[in-house]
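Asker: Numbering (this note's numbering), first residue to last: -13 to 578.
Just so it is clear, CB atoms sit at the ideal spot from N, CA and C, and this is done for glycine as well.
One structure, pasted below without further comment.
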Amino acid sequence: MGYLRDDQVNRLKESVDIAEIISGYVDLKPAGSNLKGLCPFHNEKTPSFTVSRQRNSFHCFGCHESGDAISFIMKIENLEFVEALKFLADKMGIILEEEEGRTYKPDNKERLFKINALTAKFYLRNMLLEKKPQNYIKERGMDIDMVNTFFLGYAKGLGGLYEFLRENNVAVEDMIKLGLVARDQSGNGFYDKFRERLIFPILNNKKKVIGFGARTLSGSQVKYLNSPESEVFVKGDNVYGIDVVQRKHNRPRILLVEGYMDVIGLNNQGIDYAMASLGTALTETQARLVNRYGKEVYIAYDSDEAGIKATLRAIDVFENIKVEPFIIEFPDSMDPDEYVLKYGKESLEELIRNAKKPLDYKLDLIYSQNKDKIELTKALINFLARIKENSIRELYTQRVSRSMEISYESLLKDVVKYREENYKIITKPKENKKDNSNVGYNTNYKEIEVISTQAKRVILEKEVIGFSLINKTFFSLLEKISRDFIKVDYLVNLYDLISKEYENTESKLTKIFQSEIYRKSNVDENYKKILKTFIEGTESSVSSELINRVKVFALNEKKEEINKSLNDNPNMIEADKIGLLRELVKIQQELN
């Protein structure tokens, strides 16, 4: 896409029906004069994502994402501005023309993308003409449709790619850079890197071919080869199968598997929500990509020793981005592809229903790997000591005490002692970041950044006041919780002033905005941001969501106070300690 005239961009903006575009990704339902659904940009159970045809905009009152149809497509499809324009134009049948007198020169990445796409077509043609790869696909129980779904290809034993690319004026340097060919021993000739292999083109979330995976069909070579990292291919930033998953949005779940054949085999059985991590270990970037496309994430790695280690690493990665995955366990060291081929889709769906949460998976693993009771007890104490939340730790301590027939009090003492000897917390303020992460424990004594609870409270109190300033309906809906929650002195004074003004003048708050207390409170920025995105008729749903966040914050604040008391008083009387732990359990139950 080249340079576009402003009038074309404006015409596209005026023509687009934002509700129609977004409904392709979000299940929208009428809510007054607007439409409402679950936000596609963060996990939520109560819809807070609102679309206004009148304003031609969207806004989420949960994560505060907002914008027009173009910005929505840019975010959900991970496209640049011009790419998003072209995407919308294609959907609406509008032709976008480049500005006269200006030429468009493809950048280096685009050139490499085109070479990869050309290569994928070459391999696909081989697949459609050669019996050997087709027979392999059939032997694996796969339908030939999988070839088209995943653009599967075949590299013949004698190659041919080098000559094909040269005929299409591709520079040898680019072929080498992309790992498609290599120099022979003489240094004068070239040969194809992939020979007699099934080819898996790897597409990114923009549907560009970024690299290739290749499985041997001869049995005498390394089983899998992959493209090297390049300007367009960074393994840790991509996952295999994302282009297929993207064809449907708001999936209830995503299965994270290890290999190309797992993704394809699952799709062959009608399970079209699988992705595979690329590289030796899951990265945070990959985890965020996976989490973006489903409401829940299920780790479905192989059940052999290597798969178990990879699962444990993946759990840690997801926990680092505040996502709790579920873990699927396959019997007899099977991989997902083998299992679904042997037992079918319904059996796999049963495994999904019985998937475990991380702590349950880790606990069961400890029981299965430790036969000696003393070693098992030590491993369990270590496991319990690593649980960050006191209330959750107590629940699992109770479970372990019952299964091991050890008194709860004795086990709890050992866990507390182990924590004091092996774990340490160091905190420092988090600068310029809005992060709700809790304090954690670390055996390497690394600093763990936290934003102060007081700073979080001020932000939330200002948000409550900002909504109360919108109109009297908001004020009335939030009044009860506001009086209990707002505690910062200058905000309490401002809230009292707002209350008096509503009593005297209904909804005219001119005196408030002109008052010195309002100017000094720094609430104006919050108020203007809320006013800009406010959609009339949403007061009830928005206030419900805000009230829920206030309640959750207050409960977490109380939890933090109890945790601090427990951590600051290691010699606390046991009865007092147990009393506080029970109070934590009650709070956790309310949060759940």
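Going by the DSSP bridge assignment, what does L189 pair with across the sheet?
Answerer: Against the sequence shown, residue 189 aligns to sequence position 203. DSSP output for L189 lists V195 as bridge partner(s).
Asker: Is it right to say D421 is buried, meaning 16 or more other beta carbons lie within 10 angstroms of its own, or is it exposed?
Answerer: Sequence index remark: in the sequence shown, residue 421 carries index 435 (1-based). In this prediction, D421 has a pLDDT of 40, which is less than 50 and means its spatial position is unreliable; nothing more can be read from the coordinates.
Asker: Just to confirm before moving on: does the CB-CB distance between I240 and V231 stay below 8 Å?
Answerer: Taking the sequence shown and counting its residues from 1, one reaches residue 240 at position 254. Taking the sequence shown and counting its residues from 1, one reaches residue 231 at position 245. Contact: yes.
Asker: Under three-state DSSP, which class holds K374?
Answerer: Against the sequence shown, residue 374 aligns to sequence position 388. Here K374 sits in coil by DSSP.
Asker: Is there contact between the region 249 to 257 and the region 194 to 202, where contact requires at least three CB pairs shorter than 8 Å?
Answerer: No, the region 249 to 257 does not touch the region 194 to 202.
Asker: Closer than 8 Å by C-beta to N368: which residues in its own chain qualify, once you throw out the five before and the five after it? Chain order, please.
Answerer: For the purposes of this step, residue 368 is taken as residue 382 along the sequence shown, with counting starting at 1. Once the five neighbours on either side are set aside, the close Cβ partners of N368 are Y404.
Asker: Would you decide whether L577 is buried or exposed? Buried here means 16 or more other CB atoms lie within 10 Å of its CB.
Answerer: Within the sequence shown, numbered from 1, the residue matching residue 577 stands at position 591. Looking at its Cβ environment, which holds fewer than 16 other Cβ atoms inside 10 Å, L577 is exposed.
Asker: Which residue spans inside the region 122 to 162 form an unbroken beta strand (DSSP E) run of at least 3?
Answerer: Counting only runs of 3 or more, we get 139 to 141.
Asker: How far does the beta strand (DSSP E) with N212 in it reach, from first residue to last?
Answerer: Along the sequence shown, read from residue 1 onward, the residue named residue 212 stands at position 226. Counting along the chain, the beta strand (DSSP E) containing N212 begins and ends at Y210 to N212.
Asker: Count the CB pairs spanning the region 25 to 39 and the region 116 to 123 that are closer than 8 Å, and state whether there are at least three.
Answerer: The region 25 to 39, when compared against the region 116 to 123, does not touch it at the 8 Å Cβ threshold.
Asker: Looking at C-alpha atoms only, which residue of M261, M78 and L71 is the closest neighbour of V243?
Answerer: Locating residue 243 in the sequence shown gives position 257, where the first residue counts as 1. Minimum Cα distance to V243 is reached at M261.
Asker: Assign R39 to one of three DSSP states: helix, strand, or coil.
Answerer: Within the sequence shown, the letter at position 53 stands for residue 39. DSSP places R39 in coil when its eight states are reduced to three.
Asker: Shortest alpha-carbon distance to M132 belongs to which of N254, C25, I185 and R111?
Answerer: As a position in the sequence shown, residue 132 is number 146, starting the count at 1. For the residues N254, C25, I185 and R111, the minimum Cα distance to M132 belongs to N254.
Asker: Under a Cβ-count criterion, where at least 16 other Cβ atoms within 10 Å of its own Cβ denotes burial, should K91 be classed as buried or exposed?
Answerer: The sequence position of residue 91 within the sequence shown is 105, counting from 1. Low per-residue confidence applies at K91: pLDDT is 45, beneath 50, and the placement is therefore not dependable, though the value from the model is reported in the following sentence. Flag for K91 reads exposed.
Asker: Give the DSSP bridge partners of N20, in chain order.
Answerer: Numbered from its first residue, the sequence shown carries residue 20 at position 34. The partner list for N20 (beta bridge, DSSP) reads A17.
Asker: Secondary structure at R233, three-state DSSP: helix, strand or coil?
Answerer: As a working note, residue 233 is residue 247 in the sequence shown. Three-state DSSP puts R233 in coil, outside helix and strand.
Asker: Determine the DSSP secondary structure at A267, reduced to helix, strand or coil.
Answerer: Your numbering for residue 267 matches position 281 in the sequence shown. Here A267 sits in coil by DSSP.
Asker: When the Cβ atoms of the region 361 to 379 are set against those of the region 331 to 350, are three or more pairs found closer than 8 Å?
Answerer: At 8 Å Cβ cutoff, the stretches touch.
Asker: Within a Cβ cutoff of 7 Å, which residues of the same chain sit near N430, ignoring the five residues on either side of it in sequence?
Answerer: Counting from 1 along the sequence shown, the entry for residue 430 is found at position 444. Note that N430 scores 38 on pLDDT, short of 50, meaning its location in the model is unreliable; the coordinates nonetheless yield the value given after this. Once the five neighbours on either side are set aside, N430 has no close Cβ partner at all.
Asker: State the Cα-Cα distance for the pair L463 and I228, rounded to the nearest angstrom.
Answerer: Numbered from its first residue, the sequence shown carries residue 463 at position 477. Numbered from its first residue, the sequence shown carries residue 228 at position 242. Their Cα atoms are separated by approximately 43 Å.
Asker: Where in the region 307 to 384 do unbroken runs of the alpha helix (DSSP H), each at least 4 residues long, occur, reported from the N-terminal end onward?
Answerer: With a minimum length of 4 residues, the continuous alpha helix (DSSP H) runs that stay inside the region 307 to 384 are 322 to 329, 331 to 339, 344 to 355 and 359 to 371.
Asker: Are the Cβ atoms of V303 and V283 separated by less than 8 Å?
Answerer: Within the sequence shown, the letter at position 317 stands for residue 303. Within the sequence shown, the letter at position 297 stands for residue 283. In this structure, V283 does not lie closer than 8 Å to V303 by Cβ.
Asker: Under three-state DSSP, which class holds S396?
Answerer: Working through the sequence shown from its first residue, we reach residue 396 at position 410. In this structure, S396 counts as helix in the three-state DSSP scheme.
Asker: So T105 and L147 are in contact, right, with Cβ under 8 Å, and what is the actual spacing, rounded?
Answerer: Against the sequence shown, residue 105 aligns to sequence position 119. Against the sequence shown, residue 147 aligns to sequence position 161. Correct: roughly 7 Å between the Cβ atoms.
Asker: I need the boundaries of the alpha helix (DSSP H) containing E546, first residue and last residue.
Answerer: Counting from one through the sequence shown, the residue named residue 546 turns up at place 560. Where E546 is concerned, the enclosing alpha helix (DSSP H) stretches over E525 to D554.
Asker: According to DSSP, simplified to helix, strand and coil, what is Y427?
Answerer: Taking the sequence shown and counting its residues from 1, one reaches residue 427 at position 441. Any reading at Y427 must be qualified, since the residue scores a pLDDT of 36, below 50, and its modelled position is unreliable; the value itself is stated next. Looking at Y427 - three-state DSSP - the assignment turns out to be coil, as it is neither helix nor strand.
Asker: Beta-carbon within less than 6 Å of F461's beta-carbon, same chain only, minus the 5 sequence neighbours each way: which residues are those?
Answerer: Sequence index remark: in the sequence shown, residue 461 carries index 475 (1-based). S454 and Y488.
Asker: List, from N- to C-terminal side, the alpha helix (DSSP H) runs of 4 residues or more that fit wholly inside the region 429 to 488.
Answerer: Here the runs fully enclosed are 439 to 454 and 458 to 471.
Asker: Does the region 266 to 274 come close enough to the region 306 to 321 that 3 or more CB-CB pairs lie under 8 Å?
Answerer: The answer is yes - the region 266 to 274 touches the region 306 to 321, with three or more Cβ pairs under 8 Å.
Asker: Beta strand (DSSP E) containing D178: first to last residue?
Answerer: Stepping through the sequence shown from its first residue, residue 178 is reached at position 192. That run of the beta strand (DSSP E) goes F176 to D178.
Asker: Looking at the secondary structure, which residues open and close the alpha helix (DSSP H) in which E576 lies?
Answerer: Here residue 576 refers to the residue found at position 590 when the sequence shown is read from its first residue. Here the alpha helix (DSSP H) through E576 covers E560 to L577.
Asker: Where do the ends of the beta strand (DSSP E) carrying R169 lie?
Answerer: Sequence index remark: in the sequence shown, residue 169 carries index 183 (1-based). Start and end: V167 to R169.
Asker: Are there 16 or more other CB atoms within 10 angstroms of the CB of G293, so buried, or fewer, so exposed?
Answerer: Here residue 293 is taken as the residue at index 307 of the sequence shown, counted from 1. Counting Cβ neighbours within 10 Å, G293 comes out buried, since at least 16 surround it.
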